[in-house]
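A quick write-up on the structure given underneath.
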Amino acid sequence: MPEVDADDLALMCKALGHPARVRLLRYLSAYGACYFGSLADILPLAPSTISQHVTILKQAGLILGSADEQRVCYCVNPERLAQLKEMIGQM
């Protein structure tokens, strides 16, 4: 069994250390991609606060964002989520 990268695992766990970020990840996991504006429908937070949470999840690699002409669409990074699950399973 390969050794778990403690720093990488800590980064992902820290990203999930707030209920709003857990809700965002669960929503995107269940419903697929959505645009930033739609995230306000699931979280009763200011857009700037949602943006901060999205940034933390992106920095941890748990979600991906792709921009079209005027909007950004977010989705779960399935490889990274699988990696997180595997790391936790090895503990």
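All letters in the sequence shown, in the order written, are residues 63 to 153 by my numbering. The C-beta atom is built at its ideal place from N, Cα and C for all residues, glycine as well.
Express the C-alpha separation of residue j and residue i in angstroms, rounding to a whole number.
i, j, result
"Ala95", "Ala77", "19 Å"
"Ile125", "Arg83", "11 Å"
"Gln132", "Glu141", "27 Å"
"Thr117", "Thr111", "10 Å"
"Gly127", "Cys137", "7 Å"
"Gly151", "Arg88", "19 Å"
"Asp130", "Gln121", "20 Å"
Would you mind working out which of the options sits nearest residue i, comparing C-alpha positions?
i, options, result
"Asn139", "Pro81, Leu90, Ile112, Met149", "Leu90"
"Leu105", "Ala72, Leu86, Asp70", "Leu86"
"His80", "Leu101, His115, Ala102, Ala68", "His115"
Please confirm whether residue i and residue j have their CB atoms less than 9 Å apart.
i, j, result
"Met74", "Met153", "no"
"Val66", "Phe98", "no"
Buried or exposed: where does residue i fall if 16 or more other Cβ atoms within 10 Å of its Cβ makes it buried?
i, result
"Ala92", "exposed"
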